[in-house]
Amino acid sequence: MALGSGEDLNQKWESLDFSNDFIFGKVMQDSELCADLLRLILPDMEIGRVEFPEKQKTISEGVDIHGVRLDIFTRDDFGKLYNVEMESRRRRYLVKRTRGYHIQIGMNAMEKENMRSYDDLPDTYVIFICVFDPFGQGRHIYTFRDTCKEDPTLELGDGTYTIFLNACGTMDDVSPGLKAFLDFVSGNSSDDPFVKKLDARVKEAKQNPDWRREFMTLSMLMSEEREEGRAEGRAEGRV
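Next up, the structure:
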């Protein structure tokens, strides 16, 4: 590794904030903070404590379910499953990814819980926290359920919920607490108690030398993989 790249990685580490998926994953390993966030997003649900059903790996690897890397994967007291992802930039197939996550989480639940019927499948919530507006309507939150085309009031009721949070929303459509959280995702400070807790945890994470090394190692590996991919592409192009 060249000295310059090491210096660049150090600068990158110092510039990271909560919207970075690595930092987000580290901070949200705290089950109390994770539960508080889910209560903000889903205020009508009685979410008590949460636990991580999979043995938690380092967030550089994420929780790996059949090859799908999840930032946060947790379960509440009622057995409902939650996958929360931080999206700091637009990616292709964002919506299709939610479909894949629901499928993999369902398959994992059936295998690990030894379920005898589909009726035992838990409700699953796939939540994307975006620093951009994924649908361009200015909403802070977009919640999707499968409904009947002929009668939109008729829900399929398959237990799957998909939610997109938009940190740059303009509507007055969420609680003050959730609005303060989304402002924090956008890089704005706040006197909100939950945001202040998150801000303190981010600062603690940035002081963790093991996590710094983990981030730098991961970044170097990803850089090498990208360079190998580019080299292979150039070789195929020459052929």
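If you want this note's numbering, it's the 1-based position in the sequence shown plus 790.
We treat Cβ as the ideally placed atom computed from N, Cα and C, and that holds for glycine.
Treat the numbers as computed from the prediction; the structure is a model and nothing was measured.
Range covered by the alpha helix (DSSP H) that runs through residue i
i, result
"Ile895", "884-902"
"Cys920", "Here Cys920 belongs to no alpha helix (DSSP H); instead the beta strand (DSSP E) covers 914-920."
"Asp826", "821-831"
"Ile813", "811-817"
"Phe984", "983-996"
"Asp973", "966-975"
Residue i - DSSP class collapsed to helix/strand/coil
i, result
"Thr960", "coil"
"Asn800", "helix"
"Glu945", "strand"
"Glu836", "coil"
"Arg1003", "helix"
"Ser805", "helix"
"Leu1011", "helix"
"Asp866", "strand"
"Ser850", "Confidence in Ser850 is poor, its pLDDT being 37 and thus under 50, which makes the residue's placement unreliable; the coordinate value appears in the next sentence. DSSP places Ser850 in coil when its eight states are reduced to three."
Reference residue i, options the options, closest by Cα
i, options, result
"Lys870", "Glu994, Tyr951, Lys996, Asn998", "Tyr951"
"Thr937", "Gly815, Met905, Pro983, Asp948", "Asp948"
"Gly959", "Tyr932, Asp913, Lys902, Asp866", "Tyr932"
"Glu841", "Phe863, Leu832, Ala990, Glu1004", "Phe863"
"Asn810", "Phe974, His930, Leu830", "Phe974"
"Pro924", "Val885, Met905, Lys939", "Val885"
"Asp982", "Phe1005, Phe934, Asn800, Leu968", "Leu968"
"Leu1008", "Pro942, Phe812, Asp909, Asp834", "Phe812"
"Ile919", "Ile893, Leu972, Tyr891", "Leu972"
Buried or exposed (CB count within 10 angstroms, at least 16 for buried), residue i
i, result
"Lys802", "exposed"
"Val916", "buried"
"Arg881", "exposed"
"Ala995", "buried"
"Ala990", "exposed"
"Glu836", "exposed"
"Thr914", "buried"
"Asn800", "exposed"
"Leu1011", "exposed"
"Thr943", "exposed"
Residue range of the beta strand (DSSP E) that includes residue i
i, result
"Glu875", "871-877"
"Thr937", "Note, Thr937: premise wrong, no beta strand (DSSP E); not H, not E."
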